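Enquirer: Below is the structure I would like to discuss, written out as structure tokens.
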Amino acid sequence: MSARVMQEVLRQTPAPTSGSMLSVVSAVVPEESAADWCRAFLVAALEHLVMWADYVTPLHMHPDAQAEFALRPAQTLARAALESASQAVWILSPTEVQDVERRYISLVLADWDEQKKAASGLDAKASMKKRRTDALQRLGLAGDRLRTPSYLTLVTDATTHVRSQLPGANIGSAVDVERLWRASAGSAHGKKWPSTEMTVNWEEHGWRISLPDPAAITAILQLADKVTTYGVLRFAEQSGHHEKLLDIQRAAMETVYGTISKIPGAPAAPPRPPEV
């Protein structure tokens, strides 16, 4: 439900207002709007999380439907969501415009480099190389001063920021986060150790029974959800919509609530939170 609500919050969040952090940063590389990039990172994260939600808790469940809780798909989707959302959080976490700009530009250049490597012709590669050189010259930057962080660095930096802003979110230590990320990456790549360490085993009536550890599935999904949720709310705030955010959240909840199956007697609309 959290992923579905945040997906709707993001959809209902307008373009940045004039003078907001994201409007200022977006003007640095106009052809690659920082607001569009951050939104795209969060859209990707929520697509992964909602895919998991649609599998295990579809909006309309057939009485005979069954869902198998496998370790690898949960870890793979959660890891993808975590890495996607962490890029937006990493860009938006500084308070100084210059720091946000540098982080944003470093990820843009890294993306361009990957696009150049995947290009199918020499002309396309040369054009992309020139685009990068021209951008650096226009910005007065040297490429070696904009080092691209690894995904582990992005995840640990983003979770550290979320932990500092939301101490009650129970993000876990940096060691816990790295273990969850490494285990999820291992599962996505078919490594054996995550399934070995994150499996519950017991003997019963002479049979050895092995099941994915539900705590392991829950841990990485919750981590991805918390970072993504923070990223969406930070994005709305840095877009200049802080005063509208509560109304956007309420509208998103009502939209999602209207799509789910309800038990007989359920209220027609979700309860409104108390005014603060």
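Letter by letter, the sequence shown follows residues 22 to 297 of my numbering.
C-beta: ideal position from N, C-alpha, C; glycine also.
Predicted model only: the values in this text are computed from it and were never measured.
Are the segment 85–97 and the segment 49–66 in contact at 8 Å, needing three or more beta carbon pairs?
Expert: The segment 85–97 is not in contact with the segment 49–66.
Enquirer: Using three-state DSSP, classify ALA106 as helix, strand or coil.
Expert: Against the sequence shown, residue 106 aligns to sequence position 85. Three-state result, ALA106: helix.
Enquirer: In angstroms, rounded to a whole number, what distance separates the CA positions of PRO37 and GLU264?
Expert: Numbered from its first residue, the sequence shown carries residue 37 at position 16. Numbered from its first residue, the sequence shown carries residue 264 at position 243. Roughly 13 Å between the two C-alpha positions.
Enquirer: Here's a check: name, in chain order, each residue in its chain whose Cβ is nearer than 6 Å to the Cβ of GLY252, leaving out the five neighbours to either side.
Expert: Counting from one through the sequence shown, the residue named residue 252 turns up at place 231. So the qualifying residues of the chain are LEU63, ALA106, ALA109, VAL110.
Enquirer: Would you check if the distance between the CB atom of THR169 and the CB atom of ALA131 is smaller than 8 Å?
Expert: The sequence position of residue 169 within the sequence shown is 148, counting from 1. The sequence position of residue 131 within the sequence shown is 110, counting from 1. Taking 8 Å as the Cβ cut-off, THR169 and ALA131 qualify as a contacting pair.
Enquirer: Name the DSSP bridge partner or partners of LEU232?
Expert: Against the sequence shown, residue 232 aligns to sequence position 211. For LEU232, which the question treats as bridged, DSSP gives the partners VAL221.
Enquirer: Taking only the alpha-carbon atoms, compute the straight-line gap between SER171 and THR280 and give it to the nearest angstrom.
Expert: Your numbering for residue 171 matches position 150 in the sequence shown. Your numbering for residue 280 matches position 259 in the sequence shown. If you take the alpha carbons of SER171 and THR280, they lie about 38 Å apart.
Enquirer: Excluding the 5 residues preceding and the 5 following ALA289 in the sequence, name in chain order all residues of the same chain whose CB lies nearer than 6 Å to its CB.
Expert: The residue given as residue 289 occupies position 268 in the sequence shown. For ALA289, where only same-chain residues beyond five positions count, there are no Cβ hits under 6 Å.
Enquirer: Check each candidate in ALA48, GLN33, LEU31 and name the one with the smallest Cα separation from SER39.
Expert: Counting from 1 along the sequence shown, the entry for residue 39 is found at position 18. The residue with the shortest Cα to Cα distance from SER39 is ALA48.
Enquirer: Could you check where the alpha helix (DSSP H) with ALA55 kicks off and where it finishes?
Expert: The residue labelled residue 55 in the question sits at position 34 within the sequence shown. Where ALA55 is concerned, the enclosing alpha helix (DSSP H) stretches over 55–77.
Enquirer: Once you ignore the five residues that flank HIS69 on each side, which residues in its own chain have a CB closer than 6 Å to its CB?
Expert: If you number the sequence shown from 1, residue 69 lands on position 48. These residues qualify, in order along the chain: LEU98, ALA101, ALA102.
Enquirer: Taking only runs that begin and end inside the segment 28–58, name each unbroken alpha helix (DSSP H) of 4 or more residues, in chain order.
Expert: Within the segment 28–58, the complete alpha helix (DSSP H) runs of at least 4 residues are 42–47.
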